[in-house]
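Since the structure comes first, as C-alpha cells, the remarks are kept for the end.
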Amino acid sequence: MIALVKRAFDAWRGSGPSAVTVPPMDGALRPNQAIEEAPVLLEIAAPDNLVHDGTRLLFSSGSTVYAMKATGTESVAAFDRPVSALALHPGGAMAIGLEGRGLELRGGQHDGKVITELGGRPVLCPTALLFTDENTLLVALGSQQNAPERWKHDLMQRNASGSVWQVDLTNGKATCFADRLAYPYGLLAAGDGGVVVSESWRNQLIRIHPNRKPKVELSDISGYPARLAPTADGAGSWLAVFAPRSQLLEFVLHEPDYCDQMIQEIDPQFWIAPSLSATQSFLEPMQLGGLKQLGILKPWAPTRSYGLVVNLDGAFEPQVSFHSRADGRRHGITSCVEVSGRLLATSKGGNAIVSIPLAAGV
Amino acid sequence: MSASEVYARWRHRLIPDHILGEILSKTWIDNAIPFAFLIIAIAFFAFINPHFFLLSGLGDMARELGEIIFVTLGMVIVMLAGGIDLSVGSTFALSNFITLALFNWQGWPIGLAVLCALLAGAAVGLLNGILVGYLRLRAFLTTLVTLIIIRAIDDTLVIQYSTKVVVPITQSKVWDFISDGDIYGIPIPFIVAIVIAAVGHVLLTRLRPGWHILAVGGSRRSAHNAGIPVRRTVAMTYVMSGILAAAGGVFYASRLGTAGGDTGVGLEVTALTAAVLGGNSLGGGRGSVVKALLGALTVTIINNGLISLGLKSGAGSLALGVVLLIAVAIDVRWLKNRHKVLSKVYVSPAYFKLPPCPSITEGSGSSYALNDKLHDVELIGLGEIDAAEDPILDINDDLFFGSRKGDIIRYFGPDHKRWEVYVHVGGMPLGMAFDRDGNLLCCVAGMGLYKVVKDTRKIVKLTDETNRTWLSIVDDSRMRLPDDLDIAPDGRIFFSEATIRFDSYEWMVDGLEARGNGRIICYDPRDKSTKTVLPKIKFPNGICVAHDGKSIFYASTWGCTIERFWLEGQKKGTTETIIADLPGYPDNINRSSDGNYWVALVGLRTPAFDLALRKPGFRRRMVQRVAQDEWLFPQMNAGTVIKFTESGQVIDCLWDKRGVNHPMLTSCNEHKGYLYLGGIVNNRVGKYKVPGADPNFTNQGSYWGAKP
Amino acid sequence: MSLKKYVLAGATALAMVGVAITAAHADHFDDGQWGMTAKALKGKTVAYVPISMGFDLAQGWAAAMQKSADKWGYKLVINDPNWSASAGVQAIGQLLAQKPDVLVIQPFDPQSYAKLIKKALDQGTKVVQINMESVTHGDAYVGSDWYDVAATEMDLMEKACGKAAGKNGKIALIPGIPTNPGQMVGTQAINDKLKQYPDLQVVATQAAEYDPTKAHDVALTILKQHPDLCGIPGTWDGQDVGTAAAIKEAGLLGKVYLVTSGGGRQAAACDYIANGSYSAYVSYDGKGQGRDLVGSVVSLLQDSEKAGSHPVGVYSSLKIITKETMSTGSCWTIEDIKANGA
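Listed in order, the protein sequences are those of chains A, B and C. For the first sequence, my numbering assigns the number 1 to the initial residue and increments by one for each residue that follows. For the second sequence, my numbering assigns the number 1001 to the initial residue and increments by one for each residue that follows. For the third sequence, my numbering assigns the number 2001 to the initial residue and increments by one for each residue that follows.
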C-alpha cells in the first residue's frame, strides 16, 4: 500500500523512479571529437557488427557480409534479408544472425546448420553472437516482439522480452541463460564460464552465469549500449554505445499516453526516440537547445544521436572514451574491434567504418 | 478523437491554468501569505469565541491596535533599512511616563508634554542611530543594550514617582478626547495611526528618503556606490522608530493613564512578530506599510484572542512565540522558493489540434515540396550581423535591420559591404517599415512602437501603451513584445504584439503554450490613440497591408495560419482564414512585385510536436521536469519562404534544403528583383534573385508611389 | 439591601451547597427563598479578571466562585491578563462586549481600570473589586483593609525590634509596586506607625515590584549594608519568598525578624512559618475572601438595583500566624476550596 502511494506520488512529482535524470558525461566519459575526427577506413551503407578472430576481419552491411583485407573489401556471403549479428571462430566457423529468420553457420564443423528456434521460441531478433568454443554458441535475442529493424518500437513499447541462450551445436540443445532482459545487444565472454551482456534499454552491463544470480557490472551508462569486444591484451573491453540518453526521452518513456499515440500515428523516423544517425529530415523533432544560433549547432546541444565507444577495465570501470558529438555525423556506433593498435568502429548511422589510432597503454 | 483527448480539450478550455502563474508573478502576491494569516486568525477566533468580534469589543481593540501600529511601523522602517530596533518597548514605556509626569504631575499643557515625550523617543532613536549607523555597531546587540538601559531608567522613575504621576492634577479636553473620544465609533489613536501609516506609505514609495531606506536595506554597498548617505539613512530610521514608539507610548498614556513596571514589556517581540508576520523581510529591503498594518492587525487579534480564550498565564506569550517562529520560517522559505514555484507553474500549455500537415517531401507535387532554390543566395554581412529579424531597404537601396544590441544597422547600397550603426534604440528592433515621408517605423521588443525621423535620425516614441483588458491579471496595457507593423493608406499603423505573457528572449516558450496570448494593436497618428483591435491570437507575427489597402494580412505563428482582416468594404471588421494549414510557422509577410505576398516560415511543424500540442498535460509536465534546453520544440532549424495569392493559394516555395545558410527565416523583403532574407538567430542576410521579378519594384513605390 | 443581608444571602447560598450535590433542582425542597435564589442565579454570567491566574489567591477566588457557579447554574468566564495592565484593559473590554451580569476585577493600579468600571456600570454590569481598588467605586469592594495589614505588621515589628524588646529598631522596607492600590495605602500606614514608634528606624527602602527574584536581590544588598538589621516588614508572601531566601543565604535566619502578609495558603504561609523563614505572617485569609466574594457576587446577581448605586465594602478579617499561634485551621489549600468551596 505504502509502496503504491509512493509510486503514485513519484509519478505525480517526477521523483524517485519517475525522475528524468540522466548521468552526465564526465570523468572517463568527458567528450572529445576522436570518432568524428578519426580517419575513415571505409564508407559503406549502414555497417554493423564488426568481428575479428585474429586473422579475419568481417563486418555486415545490409544483407551482405564483407571481409576487410589489405587489398580492399570483398563480399563473403549474401543473404535474402539483413544480417543482424555475426560471430567468428578461429577454427573457421562463422555464425550469422538473420533478421526475423534465425541463425546460420558457415564454415567449420557445423557448416550449413540453420537454427530457427531456441527453446521453442522463434529466433526473431538475434542481436549478438559469440563462440565460446567450436561447438558452443552464445546467442542474444533482443526481443520476442520486434525484429532488429524495429528496435525503436521495442524501446518505446518499454519491452523487456530479450534472452540469452547457450546452444550446443553438436546436438542443437539450447539452454536459456537469462530471460526478460531489456534488449540484450552485446556479448562478452567472462573468464568464469559466464557472459557479460549489454542490456540496452536498462543502460547497463550484467554478468550472467548458468548457476548464479545475474550481477550488474556497470549501471547508469549515459547511452544505450550495443556490442562488446575484448581489448587486444584481453584484460579489458570495448563497449560501443549506439545512442545517447536524454532527459526528454526518459520523460517520454514515463508518458505512456503520449508514447503509445506516437507509436500509432507517427513514422518512427520522426519519433522522440534515440536515433542512429544525425538529423536527416526537417520533420524530426527538435529540442530547444538544438536551435542553430548564428548558423551553428553547438556540440553540447541536446541530441538524439551520438557516437560513443568506451574502454572498460577488467572491473568494467570506464577508462577512456571516444566521441562524435551533437554537431558531428559519425553517430550510431554499434560495434568495434581493436586491431593492431587501432580501434575500428562501425558508425551505422554515419555509413562509415572509422579507424581510431590508440595511444600506447590504451 | 480519444476520450482522453476530449477530456484534455475541455479541461484546458474550462480551467484557465495560466492565471496561477500570472498571480504568482505579481508583486502583491507577497501580501497573500500575511493576508491568509489574518484571515486564519480571524476565522479561528471567531469560531472559538463568537463574542470576540462584537462591535463594542472591537472599539477597545482598535484603540490598542493604534499603539501597536505605531510601534510596528517604526520597527518596519528600521527593518527595511536592514536593521532591527529592540528598544521600542522601553522607549514606549519612557514616553508613557514622561507624558503622565509632565501632564498629570507637573501640570504642563498636554501639547508640550506630548512633544517632550516624542523628543525623548527621538533622543533614544538618535542614540541608537549614532551607535548603529555611524559607529557601525551591531543593531541587535546595540538596541538590546538600549532596551535594558532605558528600561532601567524607566523602572527607577516608576518606583520613585509612579504614585505621583497617576493622579491628574489638571484636566484637558483634548487629552480626554484622545483617550476616550472617537469619530463614528473609530477611536482617535487608531485614526491617527492610520493617517501616519498613509504618510509612511507615501514616504516609502514616493519620496526620496523612503527610496533611500529601501535601497540601503536592499544592498548597503550598492546604495553607497549610488551615492546614498548610508550612515545617515540608517541613523534616521532609528530616530523615526524612536519617535513612532514614543507616539505609541503617548496613546498608551491616554488610554490607561498609569505608569507601571509592566508598561511596554515584550512590546519589541510583539512588533517584531507583527513586522515579520506581515511579510517584511528580516534581511531588509523588502516590506511595506501595508504589510506592517496587516501584521499589526494579525498580532493584535492573536493577542486579544488568546486573552479571551482565558488561557493559563504564559500560554499567550508562548503562542505568540510560535507564531513568530512560523512567520520567520515562511518568510525565509517563501523568499527562497517563490521563483522556483513560479518558474514551474508559469508555463501553462493549452490544448490545440492542428489540421493535417501538408507534405513537404521532394517531388511529392505538393505546393510546399522541398527544393534547393536558396542554395545559391548571396550572403550579406556574414558574421557581422546578429539578429536581423526584418531587413528592409529604402529607395536608395540601403539595407536596414535591427540587432540584438539594440541598434538599427544600415548597410550602404548597392553592394552592401560598408555599414554603420544607424541609430541606437535600446531595445531589440524587430519588424520595420517606411512611412510615406520615408521615416523608419520600428517595433522594439519590450519598448513599443518607435519612429526614426528620416534625416535627423531622431527617435520618437509613438506608443508603448494600449487599453488594458478587463480582468486580465497580467498588466497588458504595457507592450511586451511588439513584433511587426504595417501602415494602412490612411496612416493608421497596425502592429502585432506576439505575446503578453513572455519577454522577447523567451518568445519560443510561448509556442509551448499554444494559447492565444497575442494581439493586434492599432495606433492612429491622427489622434495619437492606441487601441487593441484583435485580442487573443496565437502569436500574431507578420502584418502586411494588401495591395489595394482594403485589408491586412497577418500571420498567426503558432496557429500556422495566414489571416485576413478587413479594414473596409462589406467585410469590414471581420477576419477570415486564408491559409489554414501551413506546414510551418509563418513570420513576416511582405508584398511581392507580381501582386502577391511573400511570407517566411520561421520553422516547420514536426509530427512529434503536433502530437504534443494535443497533450497539454504532457507539455506541462515536460516544462516542470525536463531542463529547458531539452524541451521539445517545433523544428526551428529549417525555414522556407512561400508566395501566396490574395485568395490564399500557394504559388511558390523557396527552400534551403541543407539548412546551412538559412536554418531559420523570419523575414523576406522584395526589392528591385531581389528577395532579402533575415533570421532572428542568424548572422547573415541573404539576397536571392527572384526569377522574373520586376526589377524596379520597391516597397516604398508599392505603398507610397515613391521614386528614387 | 444592607451588608448584613448580603452576607446572609451568601451564607444561605453556601449552606445549600451540600444539599445541591445530592438533589436535582426540580425536586429540591423550596421554602420560597430557595426558589427565588435559584431562579435569579440561573443562566447569569460572571466575568472574572484578576491580575494574573498565576498566583494562589486568584486561583482560590476562582475556585470558590466556580463551586458556587456549578451549584446555581451561572456561568463564570475568566480572562487572564498575566500581569499586564494593558492586557487587562483589553480583557475587560472584550468581556464587557459580552454584557456579563457581574464583573469581578482586581485592578493593577487606581487609574487603568477607572474608565472601564464606569463603562461597565453605565451598561448595567455590576462590578466587584477584589483586594485592590480603583479610583472608581463599583458595587462592592471585597478584600483586605490594607491600612490594617501594614499597621499590624508594624505593630509586630515594634514588638520584635523596638526598645521594649531590647533591639536597635533598624528596619528595611521592600515595597511592591508603588502604584498598587494596596501598596499606596500600606505605605501610608507604615508612615503613620513610624511616627507612633519613633524607636523604629528605616535604614533602607527599595521596591521589588512583587517579584521574588528582585526582592531577593534587594534584600541581599540591604543585609550586606546593614548586617545588624533587626527586621523587615514585608509586603506580600509571593514577593517575600525572595526576601526570606536572602535572609537564609546571608546566614541571618532567626536573627532578622521578617513579617509578611498574604492570603494564608498552606504552602505559602504556614509551611514557611513552620520552617522559620517567616517570623510572623499577617493573613487576610484567602479562603474567607473567597467566601465573601461569592456572597457579594450572589447577592448582586439577585439584586435588581441599578449598577453602582450602593457601593459596599466587605473587608477581610486578619489573622496573625506565628509558630506559637499556628494550628491546622490557620491555612487553606486550593484543593480544599475546589472540593468544598470557600
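Positions of the beta carbon are idealized from the N, C-alpha and C atoms, including for glycine.
Spatial distance of residue i from residue j (CA atoms)
i	j	result
A:Gly16	B:Asp1629	22 angstroms
A:Leu288	B:Gly1559	19 angstroms
C:Lys2268	C:Asp2237	Here residue 2268 of chain C turns out to be Ala, not Lys, going by the sequence shown. Roughly 7 angstroms separates the two Cα atoms.
C:Pro2178	C:Ala2087	20 angstroms
C:Ala2023	C:Ala2064	In this prediction, C:Ala2023 has a pLDDT of 43, which is less than 50 and means its spatial position is unreliable; what the coordinates show is noted afterwards. Answer to the nearest angstrom: the Cα atoms are 20 angstroms apart.
A:Val354	A:Ala70	15 angstroms
B:Gly1381	B:Ile1408	14 angstroms
C:Ala2020	C:Asp2070	Model confidence at C:Ala2020 stands at a pLDDT of 47, short of 50, so the residue's coordinates are unreliable; what they give is reported in the following sentence. Rounded to whole angstroms, C:Ala2020 to C:Asp2070 spans 10 angstroms at the Cα level.
B:Tyr1440	B:Leu1677	Per the sequence shown, the amino acid found at residue 1440 of chain B is Leu instead of Tyr. Approximately 19 angstroms, taken between the alpha carbons.
B:Val1641	B:Gly1200	60 angstroms
B:Asn1104	B:Val1166	7 angstroms
C:Ala2208	B:Leu1207	49 angstroms
A:Trp300	B:Trp1655	27 angstroms
B:Lys1528	B:Arg1478	16 angstroms
B:Gly1406	B:Thr1456	19 angstroms
Interface partners of residue i on chain B, CB under 7 angstroms
i	result
A:Ser246	Glu1630
Interface partners of residue i on chain C, CB under 9 angstroms
i	result
B:Arg1255	Ser2086, Val2089, Ser2112, Lys2115
B:Thr1532	Residues of chain C passing the Cβ test: none, with the nearest at roughly 53 angstroms.
B:Tyr1252	Ser2086
Contact set between residue i and chain A, taken where Cβ atoms lie within less than 8 angstroms
i	result
B:Phe1618	Glu255, Asp257, Tyr258
B:Thr1604	According to the sequence displayed, residue 1604 of chain B carries Leu and not Thr. The contacting residues are Phe282, Leu283.
B:Ser1004	Asp257
Amino acids of chain C, ordered along the chain, whose beta-carbon sits closer than 7 angstroms to that of residue i
i	result
B:Val1166	Asp2109, Pro2110, Gln2111, Thr2179
B:His1051	Ala2097, Gln2098
Proximal chain B residues relative to residue i, where beta-carbon distance stays under 8 angstroms
i	result
A:Glu265	Pro1607, Leu1611
Bridge-paired residues (DSSP) for residue i
i	result
A:Asn311	A:Trp238, A:Val320
B:Lys1689	B:Tyr1674
A:Trp165	A:Val139, A:Cys176
Cross-chain neighbours of residue i in chain B, by beta carbon under 9 angstroms
i	result
A:Gly328	Chain B residues near A:Gly328: none, gap ~16 angstroms exceeds 9 angstroms.
C:Gly2343	An answer regarding residue 2343 of chain C cannot be provided, because it is not within the stretch 2001 to 2342 covered by chain C.
Cutoff 9 angstroms: residue i Cβ touching any chain E Cβ
i	result
C:Glu2209	The chain labelled as chain E is not found among the protein chains of the depicted structure, namely A, B and C.
Chain A residues whose Cβ lies nearer than 9 angstroms to that of residue i
i	result
B:Lys1615	Glu255, Asp257, Tyr258, Gln261
B:Ile1330	Residues of chain A passing the Cβ test: none, with the nearest at roughly 21 angstroms.
Chain-ordered chain C contacts of residue i [CB-CB under 8 angstroms]
i	result
B:Asp1180	Lys2115
B:Ala1259	Thr2179
Taking 8 angstroms as the threshold, find out whether the segment 1280-1299 of chain B comes into contact with the segment 1069-1087 of chain B through three or more Cβ pairs. yes
Evaluate contact between the segment 1627-1647 of chain B and the segment 278-297 of chain A, counting only Cβ atoms and requiring at least three cross-stretch pairs below 8 angstroms. yes
Does the segment 1661-1669 of chain B come close enough to the segment 1358-1365 of chain B that 3 or more CB-CB pairs lie under 8 angstroms? no
Using a Cβ cut-off of 8 angstroms, which residues of the segment 2059-2082 of chain C contact any Cβ in chain B, in chain order? Val2077, Ile2078, Asn2079, Asp2080, Pro2081, Asn2082
Beta carbons nearer than 8 angstroms to chain C: which residues of the segment 1279-1308 of chain B have them? Asn1303, Asn1304, Ile1307, Ser1308
Scan the segment 2124-2139 of chain C for residues whose Cβ lies nearer than 7 angstroms to a Cβ of chain B and list them as they occur along the chain. none
Going along the segment 151-167 of chain A in order, which residues come within less than 8 angstroms of chain B, judged by CB to CB distance? none
Against chain B, which members of the segment 2182-2194 of chain C pass a CB distance test of less than 7 angstroms? Met2184
Taking 8 angstroms as the threshold, find out whether the segment 1694-1705 of chain B comes into contact with the segment 1392-1406 of chain B through three or more Cβ pairs. yes
Residues of the segment 1060-1076 of chain B in Cβ contact with chain C at a cutoff of 9 angstroms, in chain order, please. Asp1060, Met1061, Arg1063, Glu1064, Glu1067
Any residues in the segment 1139-1171 of chain B with a beta carbon nearer than 7 angstroms to a beta carbon of chain C? Which ones, in chain order? Ile1159, Ser1162, Thr1163, Val1166
Of the residues that make up the segment 1652-1683 of chain B, which ones have a beta carbon closer than 8 angstroms to any beta carbon in chain A? Gly1659, Val1660, Asn1661, Pro1663, Met1664, Val1681, Asn1682, Asn1683
Can at least three beta-carbon pairs, one atom from the segment 1133-1145 of chain B and one from the segment 1060-1073 of chain B, be found at a separation below 8 angstroms? no
So, do the segment 1086-1106 of chain B and the segment 1262-1271 of chain B have three or more beta carbon pairs nearer to each other than 8 angstroms? yes
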